[in-house]
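Visitor:
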Amino acid sequence: MKKAFLASTLVLTPALLFGCSSSNVAVEKTSAGQKLTVTSHADIPVYADLAKLTSDADAVVIGTVSNIEGSRNLARDPNNPAKEDPNILIEGVDYRVHVQEYIKGAGTKSLLITETKQKRMGKDAPMVSEEGYMELESGSTYVFFVKKSPTSGRYYGVGQPFIFEVTEGQVQAKGKNPEWTKPFKPKDLTTFIEDVKSHS
367 MKKAFLASTL VLTPALLFGC SSSNVAVEKT SAGQKLTVTS HADIPVYADL AKLTSDADAV
427 VIGTVSNIEG SRNLARDPNN PAKEDPNILI EGVDYRVHVQ EYIKGAGTKS LLITETKQKR
487 MGKDAPMVSE EGYMELESGS TYVFFVKKSP TSGRYYGVGQ PFIFEVTEGQ VQAKGKNPEW
547 TKPFKPKDLT TFIEDVKSHS
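Numbering (the working numbering), first residue to last: 367 to 566.
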């Protein structure tokens with residue numbers, strides 16, 4: 367299997383990519399010749415301790431995903447930010463989250479949290495899967511470390527990891543890259559909440 371690595375630098379506003387400024391694209395060609403696997407490795411913060419993760423978040427919430435509200439293009443037309451970019455596609459998936467508790471911050475009982483799923487940085491460019499995208503399950507409960515977009519009012523991940531799954535009173539960091547979750551050992555929910563509050 368041959369691998370070719372392409373690097374591209376993008377200068378985009380924080381509202382467009384939620385703080386991502388560049389990406390590396392890995393392209394794998396199979397022996398069949400045509401199949402491509404393309405993954406984006408964006409320059410996003412990766413955290414190794416709960417203190418910094420909590421400090422950088424606008425809000426830390428315990429919430430249950432009630433439904434997926436759909437997807438949309440996060441890329442804005444530079445000439446008219448109210449419109450989608452005609453050439454660039456940055457697919458964001460919107461999750462409606464019912465908030466059980468604000469561990470840090472305050473707000474409404476219902477939040478819209480957006481994850482970037484994939485990108486196409488030009489009409490003829492390949493679709494690039496976002497490495498950090500984690501599909502969330504309706505009915506499941508998570509702790510989210512999020513920032514609030516000043517333009518849309520929606521929330522997005524502060525970095526990686528920003529999603530911690532709550533199962534049977536235990537909290538576990540979620541992420542496709544094990545290096546992102548490795549520093550965060552499973553904890554019981556009560557201890558986890560106390561630790562976050564101590565850093566708020």
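C-beta: ideal position from N, C-alpha, C; glycine also.
Determine the burial state of Gln536: buried for a count of at least 16 other Cβ atoms within 10 Å of its Cβ, exposed for fewer.
Guide: exposed
Visitor: Name, in chain order, the residues that DSSP records as bridge partners for Tyr468.
Guide: Val427
Visitor: Rounded to the nearest angstrom, how far is the Cβ of Asp460 from that of Glu435, given a contact under 8 angstroms?
Guide: So it is a contact: roughly 4 angstroms between Cβ atoms.
Visitor: Could you spell out the range, first to last residue, of the alpha helix (DSSP H) harbouring Pro447?
Guide: Going by DSSP, Pro447 is part of no alpha helix (DSSP H) but of the beta strand (DSSP E) stretching over Asn446 to Glu450.
Visitor: Which of helix, strand or coil does DSSP assign to Val512?
Guide: strand
Visitor: Roughly how many angstroms separate the alpha carbons of Lys563 and Thr482, rounded to a whole number?
Guide: Thr482 has its alpha-carbon roughly 28 angstroms from the corresponding atom of Lys563.
Visitor: Would you mind stating whether Ser504 and Val427 have Cβ atoms separated by less than 8 angstroms?
Guide: no
Visitor: For the beta strand (DSSP E) that Ile556 lies in, which residues bound it at each end?
Guide: The question names Ile, yet the displayed sequence has Thr at residue 556. Careful: Thr556 lies outside any beta strand (DSSP E), inside the alpha helix (DSSP H) at Leu555 to His565.
Visitor: When burial is assigned at 16 or more other CB atoms within 10 Å of the CB, is Pro552 buried or exposed?
Guide: exposed
Visitor: Helix, strand or coil for Ala381, going by three-state DSSP, please let me know.
Guide: Summary for Ala381: the model assigns pLDDT 34, below 50, so the residue's position carries little reliability, and this model does not support an answer.
Visitor: Check whether the Cβ of Ile469 lies closer than 8 angstroms to any Cβ atom in chain C.
Guide: The chain labelled as chain C is not found in the depicted structure, where only one protein chain is given.
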